[in-house]
Amino acid sequence: MFRPRAARFSTVTVEMRHGLGPEPLEGCTDTVLAFLYASLPAPPISATASLSCSAAAAAAGHGGVDRISALPDEVLLHVVVRLPAKDGARTAAVSKRWARLWRSAPLVLVDAHLLPAGSRRPPSRRGAASRAVRDAVSAALRAHPGPFPFVSLTYGFMEAVAADRALLARWFLLLATKGVEELVLVNRPSPIPGLRLPAALFSCPSLRSLLLGAWEFPDTTLLPRGASLPNLLEIILGCVTMNDRDLDFVLAASPVLEILAIVGSPGRLTARLASHSLRCAQFGMTELQEVSVMDAPCLERLIIWNPQSHIRHKRKTVTKIKIRHAPQLSTLGYLEPGEHVLEIGNTVIKAGTKASPNTVVPSVRMLAVHLQFGVSSEVKILSSFLRCFPNVETLCVESVPTCEPTANLSHQFWQETSPIECVQSHLKILSFREFSGEQRELDFLVFIAENAPVLQRMNLVLKYGGACATREEMGAKLRVLESAKWACGGHKMRILAHGVYGGFSLGSLKAGCNSTYNDPFICL
1 MFRPRAARFS TVTVEMRHGL GPEPLEGCTD TVLAFLYASL PAPPISATAS
51 LSCSAAAAAA GHGGVDRISA LPDEVLLHVV VRLPAKDGAR TAAVSKRWAR
101 LWRSAPLVLV DAHLLPAGSR RPPSRRGAAS RAVRDAVSAA LRAHPGPFPF
151 VSLTYGFMEA VAADRALLAR WFLLLATKGV EELVLVNRPS PIPGLRLPAA
201 LFSCPSLRSL LLGAWEFPDT TLLPRGASLP NLLEIILGCV TMNDRDLDFV
251 LAASPVLEIL AIVGSPGRLT ARLASHSLRC AQFGMTELQE VSVMDAPCLE
301 RLIIWNPQSH IRHKRKTVTK IKIRHAPQLS TLGYLEPGEH VLEIGNTVIK
351 AGTKASPNTV VPSVRMLAVH LQFGVSSEVK ILSSFLRCFP NVETLCVESV
401 PTCEPTANLS HQFWQETSPI ECVQSHLKIL SFREFSGEQR ELDFLVFIAE
451 NAPVLQRMNL VLKYGGACAT REEMGAKLRV LESAKWACGG HKMRILAHGV
501 YGGFSLGSLK AGCNSTYNDP FICL
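For the sequence shown, full-length UniProt numbering gives the first residue as 1, with consecutive numbering after it.
If you want it as structure tokens, here you go:
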């Protein structure tokens, strides 16, 4: 499984560390790949654990006795396993015993560890260093019998030419036969037209975790019957060109898949989630035609995020979000009333939709929404959305700048609205991001304060350069909220400085995939 690690916030550093040359990246793919690189798993070995002359010097200081070789094979295997591939291979030259140990030890293969000595920068895409890395990878895959518990290939760039297609096919055939378990394969800043991943990807029965970046997905119509990934638990696809049929195939061919994440997929995607094992589905920076949770009895998280969602265009694209069968769904967001059409069962949720057994999802405990408070229709739909999730305990709201404000919404709208069960009975935490001090934002916050008796905390993240021109003006707005009649017995406000825009950071993808992390929206 991909192991959690600290988020990285310098996109240039992240890109350079994972094989991208200094050339400008294309379009918005730099942002997509920055998220992807921040989610790359850390290898289970350290590049600093290399062979050196110190061991030999120490041996010479004790009369030249080779004390390391006197250790039993079981101990030496643990030593070899923890060495980078280049240093592990060097041990085979020491003696026949060490050669046997190297071949019998599982090999962790990270192409970054195969760079020529003295290289401090990632190789250029077509340079000799890049070719040398690819040659070293090929040699390691041929020479070692496996298994390969962890393979990370992010430095050997491929072109849409016959030689590179053949090389890629050979790599996958070797990985399939030699027991790869965790595979990271990232090519270049954008998918190369005509460079598809080989069908042998679906011939890796030992594969448990897969991260692909900047490729075209295999043509699933050409795969043999029975092609599958029987042990795959997690798949992350970044900048991978694929279609709806391919996604359907992945879900059907992965019977134990628990985590699915798609980031920056070119084109418009329809995702039909039908899986009896899936626990988390994430879609980031991807244009979605529809997300249908058809039959997902184990699904706990459905996360849709887009750092650019605050930019609303006049030509809007609507995404349908359908929830049919997801009895364990506990985390949902970001819903966007202006761009998402929510359908529960067979009912489309509209402004004024009443709660009924057919229009509620009682399992949801954490809900996140993006909202233009200046658009009356979105505010009205928000009240309906909240009624659909009667047991929400944590509500994350991000106020989005309004492109075309609308009138016809009374300041008393929230006070006059019919009761909302989650607010009156269960809401414990409200996180409100990008608070600018506008009246409609304040009306909503006062409504929560005066109607949420079990509220424990209201986090307000102030918008940089919001509607309030001065600190004094913002202070006056906050005093109105502070002086409201808080249903919980006293104000629970926490004022936070503006942080990462929109609640997103390079850790968003990782946070959503990590089920042990209880703040996938990075809002608490």
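Heads up, the beta-carbon is just placed ideally off N, CA and C, and yes, glycines get one too. Everything numeric in this text was worked out from a predicted model, so none of it was measured.
Review point. CB-CB under 7 Å to residue 145, same chain, minus the five flanking residues each way: which ones, in chain order?
Key: 103 and 178
Review point. For residue 243, does the three-state DSSP call read helix, strand or coil?
Key: coil
**Study point:** Nonlocal neighbours in the same chain, by C-beta distance under 7 Å from residue 253, ignoring five residues either side
**Key:** 202, 227, 228 and 229
Check your understanding: Quick one: what's residue 321 bridged to in DSSP?
Key -> 291 and 342
Check your understanding: In angstroms, rounded to a whole number, what distance separates the CA positions of residue 379 and residue 322?
Key -> 21 Å
Review point. What does residue 348 pair with, by DSSP beta-bridge criteria?
Key: 343
Point to revise | Beta-carbon spacing of residue 215, residue 187 below 8 Å | key: yes
**Study point:** Helix, strand or coil at residue 438 [DSSP, three-state]
**Key:** coil
Check your understanding: How would you label residue 461, buried or exposed, when you count the other beta carbons within 10 angstroms and need 16 or more for buried?
Key -> buried
Check your understanding: Counting pairs of beta carbons, one from the region 129-142 and one from the region 67-76, are three or more of them closer than 8 Å?
Key -> no
Practice item. Reducing DSSP to helix, strand and coil, say where residue 144 ends up. Key: coil
**Study point:** Residues near residue 486 by beta carbon distance below 6 Å, same chain, minus five either side
**Key:** 449
Check your understanding: Are residue 138 and residue 110 closer than 8 Å when you measure CB to CB?
Key -> no
Check your understanding: Curious, which full-length beta strand (DSSP E) runs of at least 3 residues does the region 254-304 contain?
Key -> 259-263, 268-274, 280-284 and 287-295
Point to revise | residue 475 versus residue 278 - alpha carbon distance | key: 46 Å
Review point. If you drop the 5 nearest sequence neighbours on each side, which residues of the same chain put their C-beta closer than 6 Å to that of residue 320?
Key: 290 and 341
**Study point:** Beta-carbon contacts of residue 452 that lie in its chain and below 6 Å, excluding the five residues immediately before and after
**Key:** 423, 427 and 487
Practice item. From the DSSP output, in three-state form, read off residue 464 for me. Key: coil
Check your understanding: Identify the residues that DSSP records as bridge partners of residue 494: which are they?
Key -> 459
Check your understanding: For residue 573, which option in 399, 318, 293 and 333 has the closest C-alpha, if you only look at C-alpha atoms?
Key -> The displayed coordinates of the chain run from 1 to 524. Any statement about residue 573 would go beyond what the structure contains.
**Study point:** Span separating the alpha-carbon of residue 156 from that of residue 169
**Key:** 14 Å
Exercise for review: Have a look at 514, 444, 518 and 519 and flag the residue whose alpha-carbon is nearest the alpha-carbon of residue 40.
Suggested key: 514
Review point. In whole angstroms, what separates the C-alpha of residue 351 from that of residue 265?
Key: 31 Å
Check your understanding: Pick from 128, 438, 100 and 129: whose alpha carbon is nearest that of residue 143?
Key -> 100
Review point. Secondary structure at residue 69, three-state DSSP: helix, strand or coil?
Key: coil
Practice item. Compare the C-alpha of residue 87 against each of 114, 182, 165 and 75 and name the closest. Key: 114
Review point. Roughly how many angstroms separate the alpha carbons of residue 172 and residue 81, rounded to a whole number?
Key: 22 Å
Check your understanding: With a CB to CB cut of under 8 Å and the five nearest residues on each side skipped, what residues in its chain are close to residue 324?
Key -> 292, 293, 294, 295 and 345
Check your understanding: Quick one: what's got a C-beta closer than 6 Å to residue 259's C-beta in the same chain, skipping five residues either side?
Key -> 234, 280 and 513
Check your understanding: Exposed or buried, which one is residue 225 when buried takes at least 16 other CB atoms within 10 Å?
Key -> exposed
Exercise for review: Look at the Cβ atom of residue 231, then the Cβ atom of residue 256, and state whether they are nearer than 8 Å.
Suggested key: yes
Practice item. Helix, strand or coil for residue 78, going by three-state DSSP, please let me know. Key: helix
Point to revise | Which listed residue (90, 268, 304 and 395) has its alpha carbon closest to that of residue 288 | key: 268
**Study point:** Pair within 8 Å by beta-carbon distance, residue 154 and residue 184
**Key:** yes
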